[in-house]
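What follows is a single structure, written as structure tokens, with notes after it.
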């Protein structure tokens with residue numbers, strides 16, 4: 002997370018070069034600028050291909066006869082592994098399903114690979130596995146293959162889970178982070194940052210009048226309702242690591258458009274706001290695990306919003322801003338009193354191991 | 002790995018019950034009896050479905066119009082990450098490709114998820130990534146999606162890689178570990194245990210006149226040649242964790258047949274034999290990462306062996322024994338002087354983090 006910065010376009014356009022680091026730092030896992038830098042400096046030069054380089058949350062792979070599958074993989078290292086509103090197992094299933102869902106894909110099957118630390122309690126493993134079972138049932142997906150490795154005490158941390166999701170890519174739609182156009186609207190499905198602050202509050206031992214709960218949930222069904230309401234959804238993203246600000250910066254950069262958000266329109270839970278104020282954090286950089294942001298044509302905005310609000314996971318859906326032709330690659334935020342600031346990508350790492 | 006045990010069918014049929022452990026021990030990652038126990042006691046009861054429960058090295062998933070994809074996932078935690086004949090990157094690519102190959106599937110794409118430890122040298126990461134790039138090129142597969150997480154120093158171990166492979170399942174063949182029949186032959190593609198002993202020799206600082214090298218290699222092309230030579234290959238396995246003995250025990254159990262192997266026919270490198278003698282280990286439990294075992298009808302044995310031996314990765318292919326109707330579920334080994342002993346599944350864990 003990051004505090005407000007002055008409106009300085011030059012600064013936000015200049016990523017930290019890979020050469021500045023010779024060792025991995027926590028920020029390389031932030032989902033923000035350092036993660037992007039590692040991708041651009043190490044992974045893309047080696048593995049670069051049009052599918053990987055498109056940087057969508059899921060890869061689309063042609064199979065045969067025009068059928069395409071969508072593929073996504075994610076490692077989950079969240080700490081603590083049990084938290085209000087979920088656990089690492091539920092997160093591993095929903096996080097992967099959501100990466101498929103925001104591409105419009107229908108999740109088919111999951112693969113799950115476990116890296117366990119010697120000494121991890123079997124009862125905790127059973128609890129995690131049972132939570133995965135319930136999350137799979139909720140989202141109607143099946144785990145068809147898996148793997149378990151064990152590392153010595155002190156060479157891991159209880160449990161890491163890597164889940165890979167395979168879905169059927171939509172046949173009649175093409176979503177892309179490069180397809181936002183000036184005039185389009187920016188919609189979010191609900192309050193933002195709930196997951197990040199729930200994790201942080203457990204870690205820091207914070208307590209509020211209400212319990213901060215993760216929003217961890219499967220988005221497949223919500224996306225289906227949105228797709229039924231409109232054929233001009235440009236793209237969707239689930240704002241996980243790096244939060245809303247990072248997700249929107251990625252879209253702005255890929256589409257070469259600007260974005261102007263209205264701060265007052267962005268929904269946050271009151272307790273998330275309080276926790277952020279207390280900790281000096283910006284909730285726009287805090288992770289959600291059951292929310293999405295969608296770029297939609299202006300004409301279809303009302304229909305998509307209505308579809309979202311009719312769904313249990315979208316009751317607080319909101320139109321938070323517009324796509325602009327000016328300031329391409331940048332996201333700006335207008336406050337209630339009319340001041341405007343740039344909302345850069347997450348620069349460092351202030352909340353590690355959030356997922 | 003395990004020392005020779007007396008011919009005691011009752012003992013080998015009785016797995017250690019899950020209830021005997023309340024915490025994860027290294028043996029749960031061995032690929033042997035404790036791994037099977039964890040699968041049967043924790044994962045299958047939660048996730049059980051016909052695909053997962055078939056316990057093949059890859060899952061086959063129907064997509065549409067009769068097309069089926071094969072899916073496999075594996076976490077790689079090998080230590081050390083660089084070793085003679087390979088590194089964790091090459092292993093992660095080939096290990097996953099081989100799980101597809103032994104199911105007769107043509108590998109299409111890979112997904113790769115990295116869990117990095119804070120402080121891991123970027124130069125080492127670049128070396129691993131470059132090795133993955135070369136292994137992908139060699140096997141003609143593409144990494145289409147990935148993920149990177151970072152954990153604090155002391156909560157991981159340099160680098161863990163989980164690779165998931167997706168391939169096109171064969172349209173006209175059905176391989177199954179449950180399909181071995183009495184009279185079939187057991188073939189191996191080359192010397193066994195090279196990978197396991199290469200890792201162990203680096204870890205223990207052993208040196209021999211020759212360098213023990215991992216056999217890490219992609220098996221796709223060898224399998225293609227074998228499939229062209231015969232339509233009566235029942236099943237194939239790559240004998241990784243748990244070695245040849247564990248792979249054959251799984252087939253014997255799933256097919257409800259016995260196996261009788263001729264010890265003298267099983268190929269091992271001389272230096273692997275020496276190292277095993279020195280360390281008191283049985284090479285039949287040591288991992289290979291570029292070898293396969295195949296169960297083939299007696300009639301096609303000569304043709305398949307010839308195809309294997311014509312391939313660079315199969316020059317030392319050998320017929321090592323037969324499938325029998327007696328002793329179903331058990332593998333026995335007949336020595337050169339005619340004594341017979343049972344070859345049980347790997348019971349404990351004497352060589353952790355081999356892959």
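Protein chains in written order, with this note's numbering: chain A, 2 to 356; chain B, 2 to 356. The beta carbon of each residue, even a glycine, is placed where N, CA and C say it ideally should be. Owing to the predicted nature of the structure, the values given are computational and were not obtained by experimental measurement.
If you count every other CB in all the chains shown that lies within 10 Å of the CB of residue i, and 16 or more means buried, which is it?
i                      : result
residue 155 of chain B : exposed
residue 2 of chain A   : Reliability fails at residue 2 of chain A, whose pLDDT of 35 lies under 50, so the model's placement of it is uncertain and the value that follows must be treated cautiously. Per the 10 Å Cβ criterion, buried.
residue 242 of chain B : buried
residue 257 of chain A : exposed
residue 340 of chain A : exposed
residue 81 of chain A  : exposed
residue 94 of chain B  : buried
residue 172 of chain A : exposed
residue 67 of chain B  : exposed
residue 59 of chain B  : buried
residue 283 of chain A : buried
residue 281 of chain B : exposed
residue 205 of chain B : exposed
residue 52 of chain A  : buried
Would residue i count as contacting chain B if we go by Cβ distances under 9 Å?
i                      : result
residue 196 of chain A : no
residue 124 of chain A : yes
residue 353 of chain A : yes
residue 215 of chain A : no
residue 236 of chain A : no
residue 29 of chain A  : yes
residue 83 of chain A  : no
residue 283 of chain A : no
residue 356 of chain A : yes
Between the alpha carbons of residue i and residue j, how many angstroms are there, rounded?
i                      : j                      : result
residue 167 of chain B : residue 190 of chain A : 32 Å
residue 26 of chain B  : residue 249 of chain A : 44 Å
residue 164 of chain B : residue 76 of chain B  : 7 Å
residue 119 of chain B : residue 158 of chain B : 9 Å
residue 130 of chain A : residue 32 of chain B  : 19 Å
residue 238 of chain B : residue 55 of chain B  : 14 Å
residue 325 of chain B : residue 246 of chain B : 16 Å
residue 181 of chain B : residue 91 of chain A  : 39 Å
residue 218 of chain B : residue 28 of chain B  : 26 Å
residue 286 of chain B : residue 85 of chain B  : 20 Å
residue 128 of chain B : residue 116 of chain B : 16 Å
residue 347 of chain A : residue 62 of chain A  : 30 Å
residue 353 of chain B : residue 170 of chain B : 32 Å
Residue i CB to nearest chain A CB: under 9 Å?
i                      : result
residue 120 of chain B : yes
residue 286 of chain B : no
residue 2 of chain B   : Any reading at residue 2 of chain B is ruled out, since the residue's pLDDT is 35, under 50, leaving its predicted position unreliable.
residue 175 of chain B : no
residue 228 of chain B : no
residue 39 of chain B  : yes
residue 151 of chain B : yes
residue 115 of chain B : yes
residue 221 of chain B : no
residue 134 of chain B : yes
residue 109 of chain B : yes
residue 36 of chain B  : yes
residue 112 of chain B : yes
residue 161 of chain B : yes
residue 103 of chain B : no
For the candidate residues the options, whose alpha-carbon lies nearest to that of residue i?
i                      : options                    : result
residue 229 of chain B : B/353, B/311, B/288, B/36  : B/311
residue 337 of chain A : A/265, A/196, A/69         : A/265
residue 23 of chain B  : B/39, B/126, B/34          : B/39
residue 1 of chain B   : B/294, B/213, B/88         : There is no way to answer for residue 1 of chain B, as the model of chain B reaches only from 2 to 356.
residue 1 of chain B   : B/355, B/33, B/44, B/269   : Only positions 2 to 356 of chain B appear in this structure, which leaves residue 1 of chain B out of reach.
residue 49 of chain A  : B/74, B/143, B/28          : B/143
residue 342 of chain A : A/181, A/263, A/284, A/318 : A/263
residue 303 of chain A : A/319, A/289, A/52         : A/319
residue 278 of chain A : A/227, A/305, A/207        : A/207
residue 301 of chain B : B/315, B/231, B/34, B/209  : B/231
residue 113 of chain B : A/183, A/47, A/261         : A/47
residue 69 of chain B  : B/109, B/97, B/34          : B/109
residue 198 of chain A : A/289, A/135, A/124        : A/289
residue 34 of chain A  : A/244, A/134, A/136, A/223 : A/244
residue 105 of chain A : A/188, A/137, A/44, A/227  : A/227
(request) Specify whether the stretch 66 to 74 of chain A and the stretch 131 to 150 of chain B touch according to this definition: at least 3 beta carbon pairs, one from each stretch, less than 8 Å apart. (result) yes
(message) Any C-beta of chain D within less than 8 Å: which residues of the stretch 47 to 67 of chain B qualify?
(response) Although the question refers to chain D, the structure presented lacks it and instead comprises the protein chains A and B.
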